[in-house]
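Counting in this note's numbering, the sequence shown runs from 1136 upward without gaps. Beneath this line is the structure, given in structure tokens, with notes to follow.
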Amino acid sequence: DGDWGYLVVTHELAGEREPLGVGLYVHGELRSQVPKGRRRDFRED
């Protein structure tokens, strides 16, 4: 009951943390994720 919060996703760039997005976490489910048009794939080759 009442389990909710915000998830802030960051990436380290030039020694500084830069935000990538914010999601809303409600009752064990991540909602309001980064819109599909703003998503990036960060693969390590």
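Every residue, glycine too, gets a C-beta built ideally from N, C-alpha and C.
Just the C-alpha distance for residue i and residue j, rounded to the nearest angstrom, thanks.
| i | j | result |
| --- | --- | --- |
| residue 1152 | residue 1145 | 6 Å |
| residue 1143 | residue 1150 | 18 Å |
| residue 1138 | residue 1162 | 5 Å |
Helix, strand or coil, according to DSSP, for residue i in the structure here?
| i | result |
| --- | --- |
| residue 1146 | strand |
| residue 1140 | strand |
| residue 1163 | coil |
To which residues of the same chain is residue i closer than 8 Å at the C-beta, ignoring the five residues directly before and after it?
| i | result |
| --- | --- |
| residue 1141 | 1157, 1158, 1159, 1160 |
| residue 1165 | 1142, 1158, 1159 |
| residue 1167 | 1157, 1158, 1159 |
Looking only at its own chain, which residues have a Cβ that is under 6 Å from the Cβ of residue i, when we skip the five neighbours before and after it?
| i | result |
| --- | --- |
| residue 1155 | 1144, 1146 |
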